[in-house]
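Enquirer:
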């Protein structure tokens, strides 16, 4: 009985197991079907899948002009892809694809052509009919290929089950023909190309951009980073979108001037550093070291940029961008240069030169690279395939533009354009390693660069850098001052300000109106030079006999061992004030032209107005609107200067104090404002997290403190009335968000970094105190 019981139990267990298996079988089938239905799509086409490139046929309609053929197997599929020069719609040509995989077959085609190779299956894909496949006998084959057309990418893909053919599919060979819809006259052909063929050499292309992030004010920075209703098509536009598209598609882009110190300061202020640093570490951003300004100032602006890229954790680079003098180029370095010839990478001795796009500093209109849909223009696509087929392996296509007005900054266009490059693996976008090792033509300098500097600033049909005698004298004097004054903690801030202001006002441009406007503020260089010389050796001085700004009228200087002021007796303004604290000379008051020029409406520019030529510039501590008649020097004694205006009996008395300056106003200033622009420690913006160091405290209506952590704080008091304060810090809460066209931004949004503007209305019989603590 016991044995019989054990046997019955075993049988029972087997029956239960069988029932359980039958119960799970439908569920298992369902899981398998679900897995099949969720199979990921085939991977992106790779360079190793490219089998043949085809030259352009000028007489062939672009939508029927083959330029590339691919073939591969993936899992159970055989895929053939054909790239056309330019697709206009999903029904723009008929396609015939012959496949040969074993001996024998037919040479006959249903079009006006004979196949150069016997085929075993012919795919007929006509615009207005369902695709079919025929055997050499003319009979329909029981094959249903999947046809995928992508007009945006100019591609056709034919996919079918590879197990329907013999085991020799790796020896399969293909030929394709195209015709216009419904016609039998051949438009173009490509092939034969084998499934196992090696890929041809790719088309090298470099993507080069400049003016990548102008960042003088919060408004300009935000608009150029993530702006609304801007760019050539008035849509969402900015550097952020180009970087995100490059990171998404893994396409390296070259941002030639992003690491200039003021751009990095703006990038830090809007919270964009993480985006840039992330893309840079992934290898998607190539960031040369830029030198801003006319050729004479480039060695100094380049040095500042090197310091900035280190402080902001971007490491070293051997690639450089700027109007460098040819005599200052270094062996082992790579430089971008202005060049009108056929683009190649050149090598002169141990220096590599890379051409900039033809639109760089061009006063002539150039052909567009991208249309409003994000599609590359026909000329660009032609250049790419010509470069790929060129026997000269140093040929390269250079694309890119000035970013603010370029379609490349438009979000939808950037993603579409970079998707095209990513999805056409016969195009190779140069990366940082390629800039150093891509084949270069060895030439002599004069063969490619018959100029004194890399941007040919003196050889242009129109001046693109300052050329008049006054400007040249200012530049020469500035270089001499920089060479003669050492870098110390006491001189650093003023030295940095002199370099940045010189670079700003002299930077090459084809905008002649902007050049003329900048020229009205070249006197700022004279003020900064004199302040820097004082900071090096602080001394007592009281004089009104020096013409510092080359306007052929003398300015007044008041200086002590701790304070330095420049007053223009023409308009009575305080043009400059620097104070020494803890062994450092700190600029306190200066014209906003040291930070930005030309951001106002160009229709309002008037060079005849001198310092008021740009309505957006505050030219120092000044009465606005200015009095019609000039002031006269009434008295000058130890540390004090008294000015009077004979037409209205207005008096201004400036007096230096051990830690500051006082201004006493006597007389009636009806319907006038006293403007006081504070530029305290403007060099601090060249260090990370700089915006967190600036702090404003409005202690009382007539009492304001503007502090810079680690530098001290400036206390401003007036004897009567109220002080209105506007500063760039007012805009900080909005800078981490995309630009909103419906937001009413505060006035500080439009002031230069790191300016604070104090306004005193109707400053009649007033005592103003400026003290540095």
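Numbering (my numbering), first residue to last: 0 to 772. From the three backbone atoms N, C-alpha and C, an ideal C-beta is built for every residue, glycine too.
Going residue by residue through the region 429-517, where are the continuous alpha helix (DSSP H) segments of at least 4 residues, counting only ones entirely within it?
Expert: List check, alpha helix (DSSP H) in window: 431-436, 444-447, 468-483 and 491-505.
Enquirer: Can you tell me whether residue 63 is helix, strand or coil according to DSSP?
Expert: The residue labelled residue 63 in the question sits at position 64 within the chain shown. Of the three classes helix, strand and coil, the one that applies to residue 63 here is helix, per DSSP.
Enquirer: Assuming residue 525 is part of the alpha helix (DSSP H), what are its boundary residues?
Expert: Reading the chain shown from its first residue, position 526 is the one you call residue 525. Unbroken alpha helix (DSSP H) run through residue 525: 522-535.
Enquirer: Reducing DSSP to helix, strand and coil, say where residue 591 ends up.
Expert: Taking the chain shown and counting its residues from 1, the one referred to as residue 591 is at position 592. If DSSP states are grouped into helix, strand and coil, residue 591 belongs with the helices.
Enquirer: So, are the CB atoms of residue 516 and residue 751 less than 8 Å apart?
Expert: Counting from one through the chain shown, the residue named residue 516 turns up at place 517. Counting from one through the chain shown, the residue named residue 751 turns up at place 752. No; because the gap between Cβ atoms is not below 8 Å, this pair is not in contact.
Enquirer: For the beta strand (DSSP E) containing residue 776, name the first residue and the last one.
Expert: Absent from the structure is residue 776, since the part of the chain shown begins at 0 and ends at 772.
Enquirer: Rounded to whole angstroms, what's the CA-CA distance from residue 630 to residue 759? Just pull it up for me.
Expert: Locating residue 630 in the chain shown gives position 631, where the first residue counts as 1. Locating residue 759 in the chain shown gives position 760, where the first residue counts as 1. The alpha-carbon atoms of residue 630 and residue 759 are separated by roughly 20 Å.
Enquirer: Quick one, which of 641, 139, 715 and 195 has its alpha-carbon nearest residue 77's?
Expert: Translated into the one-based positions of the chain shown, residue 77 becomes position 78. Of the listed residues, the one whose Cα sits closest to residue 77 is 195.
Enquirer: Can you tell me which of 384, 355, 330 and 415 puts its alpha carbon nearest to the alpha carbon of residue 370?
Expert: As a working mapping, residue 370 is identified with position 371 in the chain shown. Ranking the options by Cα distance to residue 370, first place goes to 415.
Enquirer: So who's on the other strand from residue 70, going by DSSP bridges?
Expert: The sequence position of residue 70 within the chain shown is 71, counting from 1. In DSSP, residue 70 forms a bridge with 79.
Enquirer: Which residues bound the beta strand (DSSP E) around residue 557?
Expert: Along the chain shown, read from residue 1 onward, the residue named residue 557 stands at position 558. Segment 554-558, the beta strand (DSSP E) holding residue 557.
Enquirer: Hey, how far is the Cα of residue 525 from the Cα of residue 676?
Expert: For this step, residue 525 is matched to residue 526 along the chain shown. For this step, residue 676 is matched to residue 677 along the chain shown. Looking at the two C-alpha atoms, the distance is approximately 19 Å.
Enquirer: Classify residue 616 as helix, strand or coil using the three-state DSSP reduction.
Expert: Residue numbering aside, residue 616 sits at position 617 when the chain shown is read from its first letter. Coil, per DSSP.
Enquirer: Would you report the Cα separation of residue 27 and residue 75, rounded to the nearest angstrom?
Expert: Residue 27 sits at position 28 when you count from the first residue of the chain shown. Residue 75 sits at position 76 when you count from the first residue of the chain shown. At residue 27, the pLDDT of 32 sits below 50, so the modelled position is not reliable and the matter cannot be decided from this model.
Enquirer: Roughly how many whole angstroms lie between the Cα atoms of residue 34 and residue 41?
Expert: As a first step, residue 34 is located in the chain shown; it is residue number 35 there, counting from the start. As a first step, residue 41 is located in the chain shown; it is residue number 42 there, counting from the start. The pLDDT assigned to residue 34 is 34, lower than 50, so where the model puts this residue is not dependable, and the model offers no usable value.
Enquirer: How is the alpha helix (DSSP H) around residue 265 delimited, first residue to last?
Expert: In the chain shown, the residue the question calls residue 265 occupies position 266. That run of the alpha helix (DSSP H) goes 260-268.
Enquirer: Pull up the DSSP beta-bridge partners for residue 635, would you.
Expert: Stepping through the chain shown from its first residue, residue 635 is reached at position 636. The partner list for residue 635 (beta bridge, DSSP) reads 640.
Enquirer: Establish whether the CB of residue 263 and some CB of chain C are separated by less than 8 Å.
Expert: Although the question refers to chain C, the structure presented lacks it and comprises just one protein chain.
Enquirer: Is residue 275 close to the ligand MN? I mean its beta-carbon at under 7 Å from any heavy atom of the ligand.
Expert: This structure does not include the ligand MN; it has no bound ligands of any sort.
Enquirer: Could you give the DSSP three-state label for residue 753: helix, strand or coil?
Expert: If you number the chain shown from 1, residue 753 lands on position 754. Reduced to three states, the DSSP call for residue 753 is coil.
Enquirer: Whole angstroms is fine: what's the gap from residue 404's alpha carbon to residue 230's?
Expert: For the purposes of this step, residue 404 is identified with residue 405 of the chain shown, where counting begins at 1. For the purposes of this step, residue 230 is identified with residue 231 of the chain shown, where counting begins at 1. Cα-Cα distance, rounded: 5 Å.
Enquirer: Ignore the nearest five residues each way along the sequence and tell me which others in residue 734's own chain have a CB closer than 8 Å to its CB.
Expert: Looking up residue 734 in the chain shown gives position 735. Result list for residue 734: 217, 220, 221, 268, 269 and 270, in chain order.
Enquirer: Leaving out the 5 sequence neighbours to the left and right, which residues in its chain are closer than 7 Å to residue 486 when beta-carbon positions are compared?
Expert: Residue mapping note: residue 486 aligns to position 487 of the chain shown, counting from 1. The answer, listed in chain order, is 494.
Enquirer: From what residue to what residue does the beta strand (DSSP E) around residue 650 run?
Expert: To locate residue 650, count along the chain shown from 1; it is residue 651. Note, residue 650: beta strand (DSSP E), 649-656.
Enquirer: Give the single residue among 636, 259 and 115 whose Cα lies nearest to the Cα of residue 99.
Expert: The residue labelled residue 99 in the question sits at position 100 within the chain shown. When each option's Cα is compared against that of residue 99, the closest is 115.
Enquirer: Going straight from the alpha carbon of residue 410 to that of residue 118, what length do you get?
Expert: Reading the chain shown from its first residue, position 411 is the one you call residue 410. Reading the chain shown from its first residue, position 119 is the one you call residue 118. When rounded, the distance between both Cα atoms is 46 Å.
Enquirer: Which residue or residues does DSSP assign as beta-bridge partners of residue 659?
Expert: Here residue 659 refers to the residue found at position 660 of the chain shown. Partner(s): 656 and 770.
Enquirer: For residue 322, which of helix, strand or coil comes out of DSSP?
Expert: Here residue 322 is taken as the residue at index 323 of the chain shown, counted from 1. Here residue 322 sits in coil by DSSP.
Enquirer: So, at 7 Å on beta carbons, what are the nonlocal neighbours of residue 161 in its own chain, with the 5 sequence-adjacent residues on each side left out?
Expert: Locating residue 161 in the chain shown gives position 162, counting from the first residue. Around residue 161: 72, 75, 76, 77 and 168.
Enquirer: So, using beta-carbon positions, are residue 253 and residue 207 closer together than 8 Å?
Expert: The count along the chain shown starts at 1 and reaches residue 253 at position 254. The count along the chain shown starts at 1 and reaches residue 207 at position 208. Yes, Cβ-Cβ distance for residue 253 and residue 207 is below 8 Å.
Enquirer: What are the residues that DSSP puts in a beta bridge with residue 148?
Expert: Mapped onto the chain shown, residue 148 falls at position 149. The partner list for residue 148 (beta bridge, DSSP) reads 155.
Enquirer: May I have the straight-line CA-CA distance separating residue 421 from residue 152, to the nearest angstrom?
Expert: Mapped onto the chain shown, residue 421 falls at position 422. Mapped onto the chain shown, residue 152 falls at position 153. About 10 Å.
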